[in-house]
Each structure stands twice: as structure tokens, then as C-alpha cells.
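A.B. asks: Chains A and B are the protein sequences, given in the same order.
In this text, residue positions in the first sequence follow my numbering: the first is 10, and each later residue adds one.
In this text, residue positions in the second sequence follow my numbering: the first is 6, and each later residue adds one.
For every residue, glycine included, the Cβ atom is placed at its ideal position computed from N, Cα and C.
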Amino acid sequence: MAVQDFVAPRSLGEAQIAFAEGGGASWLAGGTDLLVGIRLGSRDPSRIVDLKRIPELMAIEVESDQVRLGAAVSAYDLLRHPTVAMLYPGLAEALALIGSTQIQGRCSAGGNLCNASPAADSIPALIANRASCRICGPKGERLIPVEDFVVGPNQTALGGDELLVELVLPLPTGRCSDAYLRLTPRTEMDIAVAGAGVSLTLDDDGKCLASRVAIGAVAPRALLVEEAGQALVGSRLEEAAVQDAVLAVRAAAQPITDKRGSAGYRTHVVGVLVARAIRRARARIAGEEIV
Amino acid sequence: MTVQQEFRVVGSRPVRPDGVDKVTGRALYGADFNMQDQIYGHILRSPHAHARIKNIDCSRARAMEGVLAVMTGEDLQEPGSRVLGSGEGAIALRDLTPMVMAQGKVLFHSQPVAAVAATSPELAALAAEAIEVTFDVLPVVTELHAALAEGAPILHEDRFPDGQPKEPTNLATHISAQVGEPDAAFAEADVIVERTYSVPMCHQGYIEPHACVARVDGTGQVDLWCSTQGHFTVRGYTAALTGLDEGNIRVTPSEIGGGFGGKTTVYLEPIAVILAGKSGRPVKMVMDRGDVFRATGPAPGAETRVKLGATRDGRLVAADVECLMDSGAYNGNPAGFPAFLATACYKLSHARSVGRSVYTNKPKIHAYRAPSMPQVTLAFELVVNELAAELNMDPIDFRLLNAVEEGDSNMLAARYKRIGLRECLEAARTHAHYRSPVAENGGRGVAMGYWINAGLQSSATLNVSADGHVAVLTGSPDIGGSRASMALMAAEVLGIPLDHIHPQVVATDAIGHCDVTGGSRTTLATGQAVIQAAEQLVAEMCRRAAGEWDVGVEAVTWSEGAAHSDQGCLTFEALAARAGSMGGPLTVSSSLTASSAAPAFAVHICDATVDKETGRTTITRYTAIQDAGKAIHPDYVEGQMQGGVVQGIGWALNEEYLYDDQGALQNPGFLDYRIPVASDLPLIDTVIIEVPNPLHPFGVRGVGEVPIVPPMPAVAEAVFHSAGVRVARLPLNPPRMVAALTGDDDLV
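#1: Ser126(A) bridges to which residues according to DSSP?
#2: Establish whether the CB of Ala728(B) and some CB of chain A are separated by less than 9 Å.
#3: In the DSSP assignment, find the beta strand (DSSP E) that holds Ser208(A) and state where it starts and stops.
#4: Is the beta carbon of Gly337(B) closer than 9 Å to that of Lys369(B)?
#5: Look up Glu137(B) in the DSSP assignment and give the residues it is bridged to.
#6: Figure out for me which residue from Leu499(B), Ser594(B), Thr623(B), Ala605(B) has the closest Cα to the Cα of Trp563(B).
#7: Check whether the Cβ atoms of Ala550(B) and Leu580(B) lie closer than 9 Å to each other.
#8: Starting from Glu79(B), trace the beta strand (DSSP E) in both directions and tell me its first and last residue.
#9: Considering Phe298(B), what are the terminal residues of the beta strand (DSSP E) in which it resides?
#10: Name the residues in the region 192-203 of chain A whose C-beta lies less than 8 Å from a C-beta of chain B; which are they?
#11: Would you mind working out which of Ala334(B), Arg361(B), Asp616(B), Gly314(B) sits nearest Phe403(B), comparing C-alpha positions?
#12: What residues in the region 273-286 of chain A bring their beta carbon closer than 7 Å to a beta carbon of chain B?
#13: Ignoring anything shorter than 4 residues or poking outside the region 434-503 of chain B, list the alpha helix (DSSP H) runs there in chain order.
#14: Using the beta-carbon of each residue, which ones in chain B are nearer than 7 Å to Arg269(A)?
#15: According to a CB-to-CB cut-off of less than 9 Å, which residues of the region 22-41 of chain B neighbour chain A?
#16: Evaluate the contact criterion for the region 642-656 of chain B versus the region 127-137 of chain B: three or more CB pairs, one atom per stretch, below 8 Å.
#17: Roughly how many whole angstroms lie between the Cα atoms of Leu658(B) and Val202(A)?
#18: List, in order along the chain, the chain A residues whose C-beta lies closer than 8 Å to that of Arg621(B)?
#19: Applying the criterion that 16 or more other CB atoms from any shown protein chain within 10 Å of the CB defines a buried residue, is Leu152(A) buried or exposed?
#20: Please list the residues of the region 682-698 of chain B that have a C-beta atom closer than 7 Å to any C-beta atom in chain A, keeping them in chain order.
#21: What span of residues does the beta strand (DSSP E) with Tyr627(B) cover, start to end?
#22: What are the boundary residues of the alpha helix (DSSP H) that includes Ile112(A)?
#23: Taking only the alpha-carbon atoms, compute the straight-line gap between Met106(B) and Asp222(B) and give it to the nearest angstrom.
#24: What residues of chain A sit near Asn738(B), judged by a beta carbon separation below 7 Å?
#25: Kindly indicate which residue of Ser601(B), Phe113(B), Met378(B), Thr233(B) has the alpha-carbon position closest to the one of Pro699(B).
#26: What does Gly46(B) pair with, by DSSP beta-bridge criteria?
#27: Cutting at 6 Å between CB atoms, please list the residues of its own chain near Glu162(B), excluding the five before and the five after it.
#28: Might you give, ordered along the chain, the residues of its own chain that have their beta carbon closer than 7 Å to the beta carbon of Ala123(B), omitting 5 neighbours on each side?
#29: Within 10 angstroms of its Cβ, does Glu661(B) collect 16 or more other Cβ (buried), or is it exposed?
#30: Going by CA-CA distance only, name the one from Thr479(B), His609(B), Val753(B) that's closest to Val451(B).
#31: Could you tell me which residues DSSP puts in a beta bridge with Ala309(B)?
#32: Mind the definition here: the region 624-638 of chain B touches the region 426-444 of chain B only if three or more C-beta pairs lie below 8 Å; say whether that holds.
#33: Provide the residue(s) that pair with Gly93(A) in DSSP beta bridges, ordered along the chain.
#34: So which residues of chain A does Ser671(B) contact, with C-beta pairs closer than 7 Å?
#35: Below 8 Å on the Cβ atoms is my contact criterion, and I expect Val251(A) with Val279(A) to pass it. Report the Cβ-Cβ distance as a whole number of Å.
#36: Quick one: which chain A residues come within Cβ less than 8 Å of Val743(B)?
The structure is reproduced here in C-alpha cells:
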């Protein structure tokens, strides 16, 4: 139905007051999920509180040890930022897969996270990069890892009056990189049947010092699969180690069968994607050409 | 008929007259039309796929402030046994009326049950929800074989397969055709291949949803503005469903955002007219995307078995085809064309073909580009390819050995005049694509296709203004660039500059009858009416010039846009300027039932690569070759070819209606009903072959439908070669391919 009330506050404080007054309000970043939901009748907010005029939510800050991404910054602005895509190429490829070019001009990483779709593309990439969520509420601030932010389909750890302000990613150090791959029947304008985000840190001999593997669309929420990362640590990413990681993600996956794919297919293909994402991240570190 | 071979402007590629408006957003589509004082209609749809309607209580909705009209299926005319139209275009009201609104029983999910009109769209939606319907819910059947099984829920208890009132079944139609003695002929075959392939129900996927505005004035004159492929059909159907006189209804078509056969009927229009009549206010209705998928006519799913026999030297000796098709809830007669036309590309003296269609709890199927032909051609062409492989023959060489040519007949006993199938095959064989090596891990498929093409009724009027410009009016909605083609044909005959010609599609009362833009007929038939009208205009101008010069009309010739005789020259512009004093306004009309329709043939080549781990297919190269007879405007011929290929690729790889066990569609939107997007496709290369149609003054053949016939088998063959496995069921989506590659059916 028609939205009754729209406000565009200019500070976090104003935003929280406006939200509380709304009684059943929704935050609006890019609106690429909210507006579709309103049209379909699945969302019916009494008030819409736009976040795009609040400086903290629209900022990108590259600091000495971390990068802070405002929750409402559009995917397009993240992608064209001179350092974000260079530091986190896997996160960039996840953002570049959301919707289409037009959608990416509106949608945000914060919104993708708060929408909490099991199939969200950016979430596994954020988890692989150890991203945290800075949350602001009437009782103050808190910081939680992305893997704990989503608790189930369309459900987050946000309290009713809390707001995701920014995503905080540690600055990569050493020989490291990341990758995100997903499977969709179409090349774009599609929703992941399965997705895989991988980050790798290698020593000078190619031995894996650290790795995080996260999978999407194969469980009620994106999962960090620690066993998969551990399977790689200490290896030189030989095929046997990669296959151990594949087995670990297939064991961790708890997919459903629906119109987008069977549980069996999703379990199969998430393993394929993880293996390819590991090779892709390694190729990035080695400076090889990525196809 | 002398077929013109040399042209001045026909065959060139001017920008279409509607182009600027369309790319700048100015063009007005169905939902763009609004009237002062309009109110909004909303349809209450069935939440059940099969149920008896026991009671409809509209009292709460009627009592709501701002609700100005309410209707149910009883407000439509009793269908009885009346049939509208004739031939392939015929439809019984009992199969049409309930698609607009249920008549006592609902047979598919989202079938309209009642409707309201109110002062805002939101209020109309709330009021529709306030209508209380009591249903007696019945068991649901959506799958073809389940519908034919003993004990299946029966959709129509009053319909009997052979007209014999015995036990009712869900068999809607059963048609068979035979030439020669196929059983005996198979005994002479050295090689026989027999396969069964199935394809799912799918939707035309036009981007623009159905929309209309209806107004009934104080004298009973009805006006309808809508998006349609045929406003004369809308007028006729709306009159029949509402009981109004056809003569009191005027229908004005908007620009149309795709139709592909799906907009050759009515869904909203009779409802809007009834609500407008009851309320006294103009009523606007716009269907949402979900309801377009759930409750308009898709293309039938089908299962086709093909058995072909050939001799060792590569001659086809016999064919046996059996096609089982989904009719949906009412009779959409999908099985007729496959029964008669499955073998139409091949010289076959011995063939049998059986087509059956089945009622299921889904929307009644409707026309989609070469209706039913892609489904049956899938199986036929794949079996041809296997047969050629068994004989160690190149698939194009095998087809050249067996392809029909002038003098051959198909199973409708229609004898082909000059056709261009062999020329298409030769062009394919020598095309750079076919001569290029197949990519490593890739596969290549070849297939050909036939479509019958329609003629039907068309009209054109030419009005000349004093400055020598000409309005070319027709009643054929322009879906694929036909206005540009009409202008070219008029300019060709008249010999005046193209930018002096102004083609328009006008309302039902402004032009003689025109059948739908469908059946690949508009450029052929409406174009022929334009050519005839232009020739009449030339004749009239020559007559006037002869009068001016006081010579016999036979002494006057027409060339370069002017009348000539030994007395001098009178230009089109001069004759137009002096029309008032030379016999009055220059206006001519021509109407015809075109008998010039000729079949279309196409040959396609597809390269594809299957990712064997994920099962995902990428189409890497595609070439479509087609006999257009004469391409009036080559851009729009190529556009038809490319569009048909894209739709065929979608159907082959991902498009599919997915129903749950209660008969609710699971993917009623473009997110999960996956038509291809631009980045899924290579550039579709096109080759236009021009073997003039001997029946048409400019040699035109219809081109709009046959491009969707070969893609499914061409894509499937390429996929099978790349994957190294054959899959009997489409779409060849990633899970199905991985299941076939691993042998693990749980993956589907």
C-alpha cells in the first residue's frame, strides 16, 4: 500500500528519534529490497526513515589498520572507490553481482546485510574478510562480527530501535587476497543458488597462514565454515587440501530445496564454488590473470 | 501474379517512425492512458486451483464508500455453444469466457472470480478482498500423465473426448494424420532412431502487462483503449462476452510492449466495460506481473515421441510422431499443428502423426509464436541429428538430401510453391560459423524449422494532404516495426520520398477490419493492402492527369512520383495540391483476405559450452538463417530472427512454469521465471535469404514466428555434444545437467 510518511534526517540522533516516533518505521538505504517488499505487500511500514543524508552512513574511511564503510553507501560508490576494490577484490566482485548496474547504483552493502537474505551476495564476502558491524542504538554502540549479525532468513541481531551504521573491515596485511563466486542460471538479474567467499593469507613460500571460507544460499543464513579455512591453513593449497575444504563446506551446508535449486544440487555446487574461489584468491595473490 | 524484383526504397533500413518516441519514453503504452474521472478496477482471483464456487457475497464490498461497481461471472453472457471466428482462429465462448471470469467453477489458481471498481487502486484492492467467496475445494491435477490417469480429478464433467457422452476424461483433443503406410515403410529402414523429449509450460514473457481503460457514454457508445495485438478481435470478443453490439464499441490500440501471440485475446477489457457501464465512470485496469504469469495464456508444455527411419544412403523413409500437449484448464487446441506439421520440412511419403491435448488445473494455453511447433520440432530435429550421426553424415548434408522443395507436400496436403529451405541449408553449410572449428569442450547443434504463416483479413487507407504527404492508416498494431515497412511499401509504389509518408495504426471505426498482428501476417497481408491502395492511388492520379491532358488514361504512365505522357509531367505534389479542383480529396482504401501466405523456413547453428561441474551452459555463438521472401525492412526482419532465437534459448535453458502440488505457480515473476538477459547471449548473427514468395506482389513471406522453431533443438544438440550426455527433459538448467552428468537424479 501507499507509504504514509517519509523523513530524511541529517544526523544519527535525529534518525533515531524519527524512527522511534514512527512506531513501525523502516530504515531506507537504497530501497532495492524495501520498495519491492512494499509493492508485493510483504512490507508495510508506517514511516520510512531515509539514511542517505546522514554523514556516517555515507562515508568511506581508509584508516591505518581498518576500513570503514558507511552502511548506506551504494555498491556503485564502493566499487568505484580507489582503494576498496583494490583491497577487497572478492567483496567488490560480490557487490558487482547484486542485481544489475542500475540496482548497484542504489543498493548498499549495509542494506544487503540488513535484508538478511540467505542468498545475499555480499555477506559471505564480508565474513571472509572478517568484517564487523558497528551498531548504534539508544543504549549506545556495539560491534559484532558479520557472521553473527544475521540470525535467520530476513532476521538480524538488530534490536527494534538499533541501526547498522557501518561495516568495519581489518586492513589486509601481507600476501593476501579474497574471492567471491556464485552460481546463478543467468549472468545477472538473478539470485544466488549458492555462493562462496574465501580469503587467503600466504607466506612467501605459498604456505597458507590464514583462511576464512564463508558460504551463502545453502543455509538459513550465510555461514562461516571454520573447518574449511582450517583445512587450508598449513597447506600449500594442494588439491588434497582444497578437497578437504570442499568436503567441509558440503558438510556444513544445510540447504533447502526450492524453485531455485534442490538441496542436493546446492550442496554439490557450493563445493565447486569454494574450490574455484580458493584458486581464484590464490591466483590474485600470485598476480595471475583472473578469468 | 508478377512479383516485383527491383526496388527503389524497399530493402533499405530507415529509422522507424515510432523509434524516437520509444527510446525517449514518450510512447504511450496501455497503462499510460488516463481519463478524467476515471476509477480503478481490481479483480478478486481464486486462491484455489480447482473448486466449485458455492456462493459469492459482494455486500460488504458494495457497502464500502468509494466502491462504485461490483461484478461476478454472472454479469458475462452465458457462453452456451457459441463459437467466435473460424478456422484456426476459432474459439468457443465456453473456452474464452471463463478465462475472463469463472463461470461457477474455478479450474486454475488466480482465475478471476469477481471484480470491483473504486475511486483509487488501493480502495479497489481492499474492496475486492472484502468479497466473500465460499469454495468447495476439489483435488488438483497439473501434470499431463497424471491428468490422463484413471481416477484423476476431472476438470470438465460435461466434456467427452469423442463427443460420446460416456465417462468424462481430461483428454481435450485427439487428432491424427497419416500419409502412406508408415508401418510397412519402417521395415525398409536400415537405421531407426526413436526418442521422447519433453518441454515445460512457458510464458511469452512480453514486458508490458495487460492494461486498458473503458468508458461507456450516455448513449451506450463504448470506448476501449488497450494494449493488444488486434483491436478488432478485442471488439468482437468484448461484444460477445458483454452482450453489447459490436457496432457500439470502438477500440483504440496503444503502443504495445510485446505480445508474441499472448495479446490476441481479452482478459481485462470485458470486465472494464461492464464496470464502466455499471458505475458510469471510465474504468482503468492494469494487470500486475504476477497475474500475467498466473492467469494469462502460456504456451503448452509437451511430450513428443518421434521415430524416424532412414536408408543407409541417407533417405528418410518413414516417420511416426506422437505429441501430448497441455491445454490448461480449457480447450486451447494445442495439438492440431503438431499433428499435421511435425514432418513439414522433410520429404516423407510415409508418416503418421498423433496429437493429443489434456486438461490440467493451469491457465488455458494461448498462442505463442508458431504455436506448438517448437515443442514438436525439438524432438523431431534431435532425432534427425542422431540419425545423421548414426549414418556418419553431416547433419546439414542429411537435411539437404531430405528437405522439401517446390512441388512437395506436407501432411495438410498443401503443395509447396517456390520455397527457400534448400537455399537456407546451403547458406548454413558454407557459413563461416559452420566452417569454424568447435571450441574445446564446446558443442555445436544444427536444426531447422517450418511455420505455416497466416494471410487473413487486412485493410489500409491512404489519405493525401494538399502538400503531397500521405497518411497510411492500418488496423494492425505495430509490434515489430511494421509501420516502417508499411511506409516503405507505400513509398515504393507511389514513388514519393519516404518522409512524406506517415504510417499510423488507427481505431476500429477509422479503418476496415484487420485481423490480429499474428501468424507472421502483418507485413505480408496488411502490406499487400497498402500496396493495393497505393496502386489505386496511382491509378486515380493517372486518371486525373489524363483528364487534365485530355488524353486516354492508357497514354499516361507513372514513375518517379509523377504522371507522364507526351503532354508533359504532373507530380504527386502537384496533383495533391490541385485535388479539390480535379475530382475532390484523394483518399483510397483497400481491404482483402490475403491468399498470398507462404510458409517460412529457417536453419539455425548454435555453439554452446557446458560447465561440467556446475551444469551451467553458455551459448558462445549463434547463427540464424531464414528465407524472408523479400525483406521489406531488413533491420526488423533481423530483429524478428534474433528475438525468436533469444526466446528459444530461454525456453531451452531456463524458462519453466513451476507449480506446487496445490496448483499455485511458484515463479510468477521475471526473477525466478528466467528469460535471458542481454549478458547471457552472444550477438545473434543473421543471414536473410530472399527467395521471393510467388504469391505476393513484393515476394514477402511472413518472418515473425519461424525464428522460435529451431532454437530448442539447436541449443539442446550443442549442449548434449558439449556435455557428452543427452537429456530427455527441458529446460537444460544447471541442476538437470549436473544430474545427467553425475547420474544422480537427486540433484534435479
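C.D. replies: Judging by the given coordinates:
#1: For Ser126(A), which the question treats as bridged, DSSP gives no partner whatsoever.
#2: Judged by the 9 Å Cβ criterion, Ala728(B) is not in contact with chain A.
#3: 203-211
#4: yes
#5: Asp62(B)
#6: Leu499(B)
#7: The Cβ-Cβ distance between Ala550(B) and Leu580(B) falls below 9 Å.
#8: Under the DSSP assignment, Glu79(B) falls outside any beta strand (DSSP E); it carries neither an H nor an E label.
#9: Looking at the DSSP string, Phe298(B) is not in any beta strand (DSSP E); the run it does join, the alpha helix (DSSP H), is 294-300.
#10: Leu192, Pro194, Arg195, Thr196, Glu197, Met198, Asp199, Ile200, Val202
#11: Nearest to Phe403(B) by alpha-carbon distance, out of Ala334(B), Arg361(B), Asp616(B), Gly314(B), is Gly314(B).
#12: If the cut-off is 7 Å between Cβ atoms, the region 273-286 of chain A has Gly273, Tyr274, His277, Val278, Val281 near chain B.
#13: 437-440, 487-499
#14: Asp677
#15: Answer set for the region 22-41 of chain B: empty.
#16: no
#17: Those two C-alpha atoms are separated by around 16 Å.
#18: Leu192, Pro194
#19: exposed
#20: Val682, Ser684, Asp685
#21: 622-632
#22: 110-113
#23: 24 Å
#24: Pro194
#25: Ranking the options by Cα distance to Pro699(B), first place goes to Ser601(B).
#26: Ala122(B)
#27: Pro173, listed in sequence order.
#28: Apart from sequence neighbours up to five positions away, the residues of its chain that approach Ala123(B) with a beta-carbon distance below 7 Å are Ile44, Tyr45, Gly71, Val72, Leu73, Ala129, Ala132, ordered along the chain.
#29: buried
#30: His609(B)
#31: In the sequence as presented, Ala is not what sits at residue 309(B); that position holds Thr. BP columns for Thr309(B) point to Tyr202(B), Cys328(B).
#32: Taking a cut-off of 8 Å for Cβ pairs, the region 624-638 of chain B and the region 426-444 of chain B touch, as three or more such pairs fall below it.
#33: Checking the displayed sequence, the identity of residue 93(A) turns out to be Val instead of Gly. Answer by DSSP bridge pairing: none, since Val93(A) is not bridged.
#34: The identity of residue 671(B) in the sequence shown is Gln, whereas the question assumes Ser. Chain A residues near Gln671(B): Lys268.
#35: Actually they are not in contact, since the Cβ atoms of Val251(A) and Val279(A) sit about 14 Å apart, beyond 8 Å.
#36: Tyr274, His277, Val278
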